[in-house]
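Asks:
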Amino acid sequence: MRFSLKAATAVVSASALAMANLPTSVAQSAEQSFNGKDTCISIDSNGNIVAPQPGDCTQFGKGGQGNTDAQARNVIFILGDGMGHQEITAARNYLKGANGRFEGLDELTAAGAYTTFAIGQDGKRQYVTDSAASATGWSTGTKTYNGALSVDIAGKPHENLLEMAKNAGMRTGNVSTAEIQDATPGALHSHISKRGYYAPSGDAKPVKGAEARENGGLGSISEQIIDTRADVTLGGGRKYFDAEVQQGGENRNPFLTDKNDGGADWEAGKSVRENAIAKGYQVVDDKQGLEGITVANQDQPVLGLFHDKNMTRKFEQTVPVKSDGTTEPEVCKEADRGDEPSAAEMTKKAIELLDDKSADKGFFLQVESASIDKADHAADACGMIGETEQIDEVIKEALDFAKADGNTMIVVTADHAHTAEIIPDGRPSVSAVTRLQSPKDGGAVMSVGFGTQPWLDENGNPVFDKKENGEPFDTPNFSMMHTGTQVRIAGFGPGSENVNGQLDQTDAFYAMANALGLNGGTEGGQKPWKINKGAKVASLANRSKAKPGDELCYLVSPGEAPKVGDCAQFGTEGQGIDNSEAKNVVLLIGDGTGDSEITAARNYLKGSAGRLEGLDDLDYTGYLTTFSLDKETGLPNYVGDSAATGTAWNSGVKTYNGAVGVDNAGKPVATLGEIAKAKGLKIGNVTTAEIQDATPAAFAAHAIKRSYYAPSGDKKVAEGEQLRENGGLGSISEQIVDLRADVTLGGGRSYFNTEVVQGGQWGENGNTWTAGKTVLENAKDNGYQVVTNASELDAIAEANADKPVLGLFSEGNMPRALNQSIPTTDGGDLEPATCVANPEFTAETPRLAAMTSKALELLQNDNGFLLQVESASPDKADHQADACGLIGEVGQLDEAVKAVQDWVEKTGEETLIVATADHAHTAQITYENQNTAGRVTQLTTVEGSTMAVNFATSKTNEDEDALGGQQHTGAQLRVAASGPGAANLTGQIDQTDLFFASLNALGIDPVNHGLTFENKMQPVEQPTQDGSTDASSEGSSVSPLLAVILSIAGIIGLAGLISLLIPFPVDSVLGPIAKF
44 MRFSLKAATA
54 VVSASALAMA
64 NLPTSVAQSA
74 EQSFNGKDTC
84 ISIDSNGNIV
94 APQPGDCTQF
104 GKGGQGNTDA
114 QARNVIFILG
124 DGMGHQEITA
134 ARNYLKGANG
144 RFEGLDELTA
154 AGAYTTFAIG
164 QDGKRQYVTD
174 SAASATGWST
184 GTKTYNGALS
194 VDIAGKPHEN
204 LLEMAKNAGM
214 RTGNVSTAEI
224 QDATPGALHS
234 HISKRGYYAP
244 SGDAKPVKGA
254 EARENGGLGS
264 ISEQIIDTRA
274 DVTLGGGRKY
284 FDAEVQQGGE
294 NRNPFLTDKN
304 DGGADWEAGK
314 SVRENAIAKG
324 YQVVDDKQGL
334 EGITVANQDQ
344 PVLGLFHDKN
354 MTRKFEQTVP
364 VKSDGTTEPE
374 VCKEADRGDE
384 PSAAEMTKKA
394 IELLDDKSAD
404 KGFFLQVESA
414 SIDKADHAAD
424 ACGMIGETEQ
434 IDEVIKEALD
444 FAKADGNTMI
454 VVTADHAHTA
464 EIIPDGRPSV
474 SAVTRLQSPK
484 DGGAVMSVGF
494 GTQPWLDENG
504 NPVFDKKENG
514 EPFDTPNFSM
524 MHTGTQVRIA
534 GFGPGSENVN
544 GQLDQTDAFY
554 AMANALGLNG
564 GTEGGQKPWK
574 INKGAKVASL
584 ANRSKAKPGD
594 ELCYLVSPGE
604 APKVGDCAQF
614 GTEGQGIDNS
624 EAKNVVLLIG
634 DGTGDSEITA
644 ARNYLKGSAG
654 RLEGLDDLDY
664 TGYLTTFSLD
674 KETGLPNYVG
684 DSAATGTAWN
694 SGVKTYNGAV
704 GVDNAGKPVA
714 TLGEIAKAKG
724 LKIGNVTTAE
734 IQDATPAAFA
744 AHAIKRSYYA
754 PSGDKKVAEG
764 EQLRENGGLG
774 SISEQIVDLR
784 ADVTLGGGRS
794 YFNTEVVQGG
804 QWGENGNTWT
814 AGKTVLENAK
824 DNGYQVVTNA
834 SELDAIAEAN
844 ADKPVLGLFS
854 EGNMPRALNQ
864 SIPTTDGGDL
874 EPATCVANPE
884 FTAETPRLAA
894 MTSKALELLQ
904 NDNGFLLQVE
914 SASPDKADHQ
924 ADACGLIGEV
934 GQLDEAVKAV
944 QDWVEKTGEE
954 TLIVATADHA
964 HTAQITYENQ
974 NTAGRVTQLT
984 TVEGSTMAVN
994 FATSKTNEDE
1004 DALGGQQHTG
1014 AQLRVAASGP
1024 GAANLTGQID
1034 QTDLFFASLN
1044 ALGIDPVNHG
1054 LTFENKMQPV
1064 EQPTQDGSTD
1074 ASSEGSSVSP
1084 LLAVILSIAG
1094 IIGLAGLISL
1104 LIPFPVDSVL
1114 GPIAKF
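Structure (structure tokens):
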């Protein structure tokens, strides 16, 4: 998109990220170029902002994606207010167990992600939306400003889905656990400039100015609810219906073609409730009253008002405290909800009243679990969890109906993300923390942090340092913030494939409207449009059944570790949606790249309505869990590290934090790299980290501690049983060399310059190691082509088992593309900054996309390949609270994904492309000009708007903690894929499912591979100082007896191999650590 925008501050060119060096100069008058929607924001000839109209900010236009042509008779739209990925995961952990499944939320077949930004009346992006602007997005297809309901930024009303459904002759319903005037339900039955205009009069939230009926307006939200006249309206907010109407007269809804008033005009002087009854409404106030209703239609609509304000939350409130990780864990307690119906009971009754099989048309129903948001605002962990359980129960009711009906589309999503973060337990945090003991997970403890408000006293002074351990968070009148992360959208039934992939909130409006065939337009309302056809993706309805939701893989016998496949949601055979085979598989990992990091990078580099060219352009989307295990107890650790998570997708097994390529008992398990190589595929391992770091190590090695990088030296040295001289598999550097991946690229050169202690030959046909030489010298002696800069990498012409390529481009981690930004505790008060190029990232530093492209070139062969690519430093930047660093490295990941897509398009090779992350991280997009419990950086994005990024998971806000000690978080993660087998990564899965999906796509048995692991070092004759030979090899600790045993073992292994007639010779092909 191209448009002129007068920049309040200078803006870095986003396109420059594609170069080795980003320009530090900036545009002064700012004609920005990025790939958003052409008319999402436009400027007229006088320089004025033109309000976006319905469809302008969609990613796929009014016609939708065209993934499926199926249409539905009914649509049930279910919303969890504030239900981001942290909230979903926290609730699952507590209610079902980390490896459990929700009966509703996790059983939806299609899944996508959508952006939630709002647009201010001045045209600036509001990167953190409120519920009003977001509800306007899915209700009308229009972006608006925070606080507005179903009007655009100029205040013009737009027809919403409920009105469209009514005009088409459908039955309609609107259900919420909030005040029924609240933003989410309000967007479907009102058009108003301020979401707080609940009542026609009184001292609580009265309408004001031109929008009051007495001033010629449409009236308060309560009055407009009655005018809209849904067949079923259920929720709270009773007291606002007791307010007195000021102006009589007729129905003023601007879009309904049949303004049914039930035979009665408005009468001033009476309450809204009294007017509703006069207009034919059946008004009920409790669960028993609702149960007694038997019919709901336009003659007798139902209005259920079950509380004066918001309905009672399921669980009693919990209050977070200052915690050093030792405060007493709590359990959630059921609240007394009196005679209020539950959300599920309201939903069941609404469906019963709306479903009329004899009618020509079906129904549209919206249901909201509102108080996930309200609990989060109050930093109430149990409240948030209970309301997430309520939405799961609602979805279960809807699914039961839809499965029986066969013609109902269900769409489930959130309006925005929120404050809660699952943080590592047992350590201090600057955030207020509630520790919860899971009743399902054997007493495992989960810490939930709330860090989007600062610790202040009544005078606004900081008090965190004065608080004692266990003291409650009591900042006066606090309200924790929404966050700007993209959120999950999921679906079931006809048309649901059109919510798959990367969308905007406004796309949801068209997905539902198109499924119902509501594209004909209304005079004065929505204009007609054409629905895109094509059925571009596979149906996601037919899949294998997931494991039982209450079957938890880690509750095994004491001392027993879960086996490979035990924790996969769909077992070793996978979902079975797409059984086509791929020739190649490319796994692209963004370390620490949660949905928050993806959203922040998109906002800054492409614009909020833009698209990341690689990450956002994959065909299928799912979400996966990332928990690890506690080494001692075997119970879940709700926040995984890169070692345990890397092992999960590389070996299909859950393990403890810090473990690489071993199970929770420390037993080695085969990796994707080893299995693929043993089957005759070429393999590659590419990272921007040290090549010994957790993610690349999990592809290539087995270590009981992820820090066992080197065989000797003074830093990250392998110890004890890991050492080859002690009979172990050796350091990670040695194992990387022994794997002999065709292409290995990354950093970590310093650890290859450490001396080898144990010499000999690794297996029958493996590397020959010379003690006293460095790992790097040994690699060269064994045929490796070693390169250290971009030019040398470009010059490489071939890579294979005889001449593998080892690229080591830095002593440690490779430099980040963008220079470090430093957040501060008063960052919300400071002017926004811009990101600049990192001078250490020189022209001789290969970008991740360049390394990926070279790897693809070198790996291409007739038999296929498996390649893992990691952008490692979104994680490392997040640990350092470096917003610019994480943005640049997510940009590198996106470029790498695009490079793979371009290669596949060019070559036509059948390739499964998967992009995901290992774990979520600390960064949160918060409201601009606001401080938090942590540190904040404000940045001017490519759009000229301000984005604030919060980091609040360190022990303290002191530099030594805050700029290096920010923590991972435990939220579920996006996985996106294209190519053969990609559909098998949709829905709700676990990280271990990715292991099986990858190998199944290649046609390789993921379990019966026959690989085993032990020290295979055999003595060889090596030159001595006088030129003679010595079979013991200098520095070797292998005794003569052990040497004999190893030799015999090798002979027996070879004989066994021949006798079993295994179709592929593992030792000759694999070389490294594996044998039959």
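Residue numbering for the sequence shown follows the numbering used here, beginning at 44 and increasing consecutively. C-beta atoms are modelled at their ideal positions from N, C-alpha and C, and glycine is treated no differently.
Under 7 Å Cβ to Cβ from K322, same chain only, skipping five residues before and after it: list those, please.
Replies: If we look at K322 and ignore the five residues flanking it on each side, its Cβ neighbours are I269, D304, G305 and A307.
Asks: Are N1058 and G771 touching if we call contact CB-CB under 8 Å?
Replies: Yes, these two residues count as a Cβ contact at 8 Å.
Asks: Can you have a look at N142 and say buried or exposed, based on whether 16 or more other CB atoms are within 10 angstroms of its CB?
Replies: Result: buried.
Asks: Just verifying my parser: in three-state terms, what is the DSSP assignment at G252?
Replies: Helix.
Asks: For A247, count neighbouring C-beta atoms within 10 Å of its own C-beta (all shown protein chains included) and say buried if the count is 16 or more, exposed if not.
Replies: Classification for A247: exposed.
Asks: Helix, strand or coil: how does DSSP classify K725 here?
Replies: K725: strand per DSSP, three-state reduction.
Asks: Comparing alpha-carbon positions, which option in E202, A1040, T183 and G245 lies nearest G665?
Replies: Comparing Cα-Cα distances from G665 to each of E202, A1040, T183 and G245, the minimum goes to A1040.
Asks: When you compare the CB positions of F320 and V327, do they come within less than 8 Å of one another, or not?
Replies: Checking the sequence shown, residue 320 turns out to be Ile, not Phe. Going by C-beta atoms, I320 is not nearer than 8 Å to V327.
Asks: Taking the continuous beta strand (DSSP E) assigned at Q828, which residues delimit it?
Replies: Counting along the chain, the beta strand (DSSP E) containing Q828 begins and ends at Q828 to V830.
Asks: Could you give the residue range of the alpha helix (DSSP H) that holds V437?
Replies: A424 to D448 is the extent of the alpha helix (DSSP H) around V437.
Asks: R783 and A844 look like a contact to me (Cβ under 8 Å); what is the Cβ gap, rounded to whole Å?
Replies: Sure, about 6 Å apart at Cβ, within 8 Å.
Asks: Taking all protein chains shown into account, do 16 or more other C-beta atoms lie within 10 angstroms of the C-beta of K199, making it buried, or fewer, making it exposed?
Replies: K199 is exposed by the Cβ-count criterion.
Asks: Would A153 and G577 be called neighbours here (beta carbons separated by less than 8 Å)?
Replies: No; because the gap between Cβ atoms is not below 8 Å, this pair is not in contact.
Asks: By Cβ distance, which residues of its chain are closer than 6 Å to P515, with the 5 residues on each side in sequence left out?
Replies: Cβ neighbours of P515 beyond the five flanking positions: V362 and V364.
Asks: Under the three-state reduction of DSSP, which class applies to L148: helix, strand or coil?
Replies: Correct three-state label for L148: helix.
Asks: Can you say whether K846 is buried or exposed, counting buried as having 16 or more other CB atoms within 10 angstroms of its CB?
Replies: K846 should be labelled exposed.
Asks: Measuring straight from C-alpha to C-alpha, what distance separates M427 and E835?
Replies: Approximately 54 Å between the Cα atoms of the pair.
Asks: How many whole angstroms separate the CB atoms of V786 and L648, which I take to be in contact at a CB cut-off of 8 Å?
Replies: That belief does not hold up - the Cβ atoms of V786 and L648 are roughly 28 Å apart, past 8 Å.
Asks: Assess, as a yes-or-no matter, whether the stretch 171-181 is touched by the stretch 450-463 under the definition of 3 or more beta carbon pairs within less than 8 Å.
Replies: Yes, they touch.
Asks: For D659, count neighbouring C-beta atoms within 10 Å of its own C-beta (all shown protein chains included) and say buried if the count is 16 or more, exposed if not.
Replies: Flag for D659 reads buried.
Asks: Strictly by DSSP, which residues pair up with Q409?
Replies: Beta-bridge pairing links Q409 to F120 and N217.
Asks: How would you call E377, buried or exposed, if buried means at least 16 neighbouring beta carbons within 10 angstroms?
Replies: Exposed: under 16 other Cβ atoms inside 10 Å.
Asks: Run through the DSSP bridge pairs and tell me what Q911 is partnered with.
Replies: Paired residue(s): L630 and N728.
Asks: Taking the continuous beta strand (DSSP E) assigned at N993, which residues delimit it?
Replies: Element bounds for N993: T989 to F994.
Asks: Mind checking which residues open and close the alpha helix (DSSP H) that includes I269?
Replies: I264 to T271 is the extent of the alpha helix (DSSP H) around I269.
Asks: If you draw a straight line from the alpha carbon of K251 to that of R272, how long is it in whole angstroms?
Replies: Using only the alpha carbons, I get a separation of about 23 Å.
Asks: By Cβ distance, which residues of its chain are closer than 7 Å to V506, with the 5 residues on each side in sequence left out?
Replies: W498, L499 and D500, listed in sequence order.
Asks: By the three-class DSSP mapping on this structure, what secondary structure does I394 have?
Replies: I394: helix per DSSP, three-state reduction.
Asks: Locate the beta strand (DSSP E) running through E777, then write down its first and last residues.
Replies: Run containing E777: none in the beta strand (DSSP E); it sits in the alpha helix (DSSP H), I775 to L782.
Asks: Any idea if A369 is buried or exposed, counting beta-carbon neighbours within 10 angstroms, 16 or more meaning buried?
Replies: The sequence shown places Thr at residue 369, rather than the Ala named in the question. Its Cβ having fewer than 16 others within 10 Å, T369 is exposed.
Asks: Report yes if the C-beta distance between L559 and F407 is below 8 Å; otherwise report no.
Replies: Their beta carbons are under 8 Å apart, which means L559 touches F407 by this criterion.
Asks: Would T185 and D173 qualify as a contact pair, given that the criterion is a beta-carbon distance under 8 Å?
Replies: Contact flag unset, no.
Asks: Kindly indicate which three-state DSSP category R749 falls into: helix, strand or coil?
Replies: It is coil, neither helix nor strand.
Asks: Please classify I1095: is it buried, with 16 or more other beta-carbons within 10 angstroms of its beta-carbon, or exposed?
Replies: At I1095 the pLDDT is 41, less than 50, meaning the model places this residue with poor confidence; the figure from the coordinates comes in the next sentence. Label assigned to I1095: exposed.
Asks: Check whether the Cβ atoms of N856 and K919 lie closer than 8 Å to each other.
Replies: Yes, the Cβ-Cβ distance between N856 and K919 is below 8 Å.
Asks: Using DSSP's beta-bridge definition, name the partner residues of I968.
Replies: DSSP lists V992 as partners of I968.
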